[in-house]
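Numbering (the numbering used here), first residue to last: 7 to 56. Each residue gets a CB set at the ideal place from its N, CA and C atoms; glycine is no exception. Computed from a predicted structure; not experimentally measured. Below you'll find the structure, written out as structure tokens, and then a few comments.
Structure follows, in structure tokens:
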């Protein structure tokens with residue numbers, strides 16, 4: 007099972023984890039709509055063991 011999160015910020019100023027989301031597309035849509043265009047962010051994949 008895979009989930010996706012948004013990692014916002016940087017290691018100097020701090021990181022914020024947003025999610026989980028069921029797909030990378032859902033995470034990307036959330037970031038496009040809710041996050042400031044000037045902030046740094048990346049989508050990370052979580053692989054959950056069942």
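Where residue i falls: helix, strand or coil (DSSP)
| i | result |
| --- | --- |
| residue 46 | coil |
| residue 53 | strand |
Alpha helix (DSSP H) segment containing residue i, residue limits
| i | result |
| --- | --- |
| residue 38 | 30–40 |
Buried or exposed by the 16-neighbour rule on C-beta atoms within 10 Å, applied to residue i
| i | result |
| --- | --- |
| residue 10 | buried |
| residue 27 | buried |
Pair within 9 Å by beta-carbon distance, residue i and residue j
| i | j | result |
| --- | --- | --- |
| residue 15 | residue 46 | yes |
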